[in-house]
Amino acid sequence: MSDNTPSTGTTVHCDVLIVGAGFSGVSMLYRLRKLGLNTKIFESGDDFGGVWYWNRYPGARVDSEWPYYQLNIPEVYRGWEFAERFPGHEEIRSYFAHVDKVLGLRKDVQFNAHVIDAQWHDGTWTVKTDQGHVAQAKYLILCSGLLHRRHVPDFPGLSSFRGKIHHTGFYPEDLSAKGKKVALIGAGATAVQVTQELAKEADQLTIFMRRPSLCLPMGQRPIGALEQKGWKTYFASLFNEGRRSRTGFPGGGQECGVFDVSDEERERVFEELWSRGGFNYMLANYNDLLLDKASNQKVYEFWARKIRQRMKDPRKRDLMAPIEAPYHIGTKRSPLEQDYYECIDRDNVDIINMNDEPLKTFNAQAPTALSNGPTIIEMQCDFVASAIEKLEKAGAKSVEPTREAEDGWDHMIDEMNKHTLFPLTNSWWTGANIPGKKVQIVSHIGGIEMYEGQCRETLQDWKGFNVVY
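My numbering runs 65 ahead of the 1-based position in the sequence shown.
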């Protein structure tokens, strides 16, 4: 089924059709096969990987550590070794090739199949692609991801700009910035990774930003064979602990607040968490970090001191790590960096603060433009597989959440978040980056174990769902 030719007009009949062949789609296919269900995938790209098939911009890499950013499938992880603590996009695609080889996935996947229509009628989904493929299935599972659609801001003059414009979501692998002047729009996680590469290649890199990212030290390093062998002994327990954690990473934070300890003890903890690298400075910090403004300010002050020590240019230092926090640290994604601030400090890199100098138009004189995923994914895939298994045993025709249940879930999420600092910061976490989109926090912050428990509870008696038999 994996050939990339247009459809011959034959309709594929299956029990389950999955859209997307990234972590979610692959995990779902693996589980549904074990239930004996005839399952197929439509994937718009021409290989596995999902977002990691498309993400090929310079510096693209994961920000979850190597033991956790993989599928909890023993036959897969026993034969695979990652080279770095935080794998790059090339290595993630190699990992997917390994998963395909071990599990024999390709036979059930139609690549270059971009879904354009899905209709439900009399207990059957009919799904069509832009290449003319048609599939009919009892169950349709959308594993297309929450960040699969690129957003291009509606800048005046963009369509008439005569320079070259590239979006990081579809970055040409052979593109070279050597000897060129490059403008980078934005300073979020992707921009941080791109900056660390383009700053060393372009003649001039100009970054247009509204607010700086409050980056954390990645702590990147190679992973040796002996270290990997030792860790694999504990993989099963590590993955299980991740499922019982709040964030998908084993371990927890401090069990007290920022001001419950002495200044000396607080500084010691901050230094220790900082030295660990990764997200430890956020995830293992004091328990009122995102609940109390004064506590959050202390966490920010340490962060700013660490970053400001690394920068020589006073103007850039004040823009990237201002004395006064631009927003509450931790309420926007904190990207991981290796030498981001040193790159910003380079003579060939300039920062334009769009709050002071708003970007009004593109014209001919403008510069040339531009919780741990697998853990929550596997929890959701297990839930969906269990739901399908129960529906199959009962001979059910359809299941649909009630409006009351949807409203109740929204209310619960709002109640959880209103006691935190999250609502005080606009970000893509709240949908504020998309014009016209409702600004709302939809993430469940009660932890993975609580989230899974609430989902599993509905399977007992289908509370909150209408089931048709």
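C-beta: ideal position from N, C-alpha, C; glycine also.
Is residue i near residue j, with beta carbons less than 7 Å apart?
i	j	result
V180	V77	no
L356	A349	no
R158	A254	no
T312	T396	no
C520	M93	no
T260	C408	yes
E140	V164	no
A242	V414	no
L384	I416	yes
With a CB to CB cut of under 8 Å and the five nearest residues on each side skipped, what residues in its chain are close to residue i?
i	result
T189	Q201, A202, K203
P152	R126, V127, W131, Y134, Y160
Closest by CA to residue i, which one among the options?
i	options	result
K363	L97, V334, A470	V334
F235	Y160, Q258, R121, V91	R121
N103	Y351, V174, E522	V174
R150	E517, S451, P287	P287
A178	K229, D112, S241	D112
G307	N482, F88, F487, E443	E443
Y142	F300, N418, G473, A256	F300
V533	C520, S492, S463, E469	S463
C79	S92, L97, V91, A86	L97
K105	N305, W119, E140, G169	G169
S327	H186, Y351, M347	Y351
Y95	T75, E108, L136, T260	L136
K99	F107, A86, I138, G529	I138
R276	M515, I394, P439	I394
A86	S241, E238, F324, R171	R171
G197	A242, S109, D239, W119	S109
G144	G228, K297, V257	K297
G90	D187, C208, W119	C208
N305	V199, T440, G228	T440
Q258	H154, E389, P379	H154
W117	A162, N345, F107, S225	A162
N345	S129, T75, F107	S129
Y365	P488, K503, L279, V199	L279
A359	F324, G228, W527	F324
Which residues in the same chain have their Cβ closer than 6 Å to the Cβ of residue i, if we skip the five residues on either side of it in sequence?
i	result
M376	R382, Y406, D410
E517	M444
A386	A369, I372, R373
V81	L97, L102, T104, A202, Y204
R215	H232, G234
S225	none
S492	K397
For residue i and residue j, which I take to be in contact (beta-carbon distance under 8 Å), what is that distance rounded to the nearest angstrom?
i	j	result
I513	S310	6 Å
M274	G251	6 Å
I510	N531	Contact flag wrong, Cβ pair sits at about 28 Å.
V449	I206	6 Å
G115	F88	6 Å
Q285	Q374	That belief does not hold up - the Cβ atoms of Q285 and Q374 are roughly 20 Å apart, past 8 Å.
V217	H231	Their Cβ separation, rounded to whole angstroms, is 11 Å, which puts V217 and H231 out of contact at 8 Å.
N361	L281	Rounded, the Cβ-Cβ distance is 15 Å, inconsistent with contact.
G343	L401	7 Å
N437	F314	6 Å
D353	G322	4 Å
Residues in its own chain within less than 7 Å of residue i by CB, not counting five upstream and five downstream?
i	result
L524	S451, A452, K455
I478	I506, V507, H509
A183	W190, V192, L205
G529	P466, T467, A470, T523
A148	E156, P287, I288
E537	This structure leaves residue 537 out entirely; the chain is present only between 66 and 534.
P391	R276, P277
E238	R121
Consider the Cβ of residue i: report whether some Cβ of chain D lies at a distance smaller than 7 Å.
i	result
L94	The chain inventory of the structure shown lacks chain D, comprising one protein chain alone.
So is the beta-carbon of residue i under 6 Å away from any non-hydrogen atom of the ligand MN?
i	result
I513	Ligands are entirely absent from the displayed structure, and the ligand MN is therefore not among its contents.
Quiz item: Do the segment 267-275 and the segment 283-301 meet, that is, are 3 or more Cβ pairs less than 8 Å apart?
Solution: Using a C-beta cut-off of 8 Å, the segment 267-275 makes no contact with the segment 283-301, since fewer than three inter-stretch Cβ pairs fall below that distance.
Quiz item: Pairing CB atoms from the segment 269-286 with CB atoms from the segment 236-247, are three or more of them under 8 Å?
Solution: Verdict: yes, contact present.
Practice problem: Flag this pair as touching only if the segment 367-378 and the segment 216-224 have three or more C-beta atom pairs under 8 Å; answer yes or no. | Solution: The segment 367-378 makes no contact with the segment 216-224, as fewer than three CB pairs between them are under 8 Å.
Quiz prompt | Cβ contact (3+ pairs, closer than 8 Å) linking the segment 451-462 and the segment 324-334 | solution = Under the 8 Å Cβ criterion, the segment 451-462 does not count as touching the segment 324-334, having fewer than three qualifying pairs.
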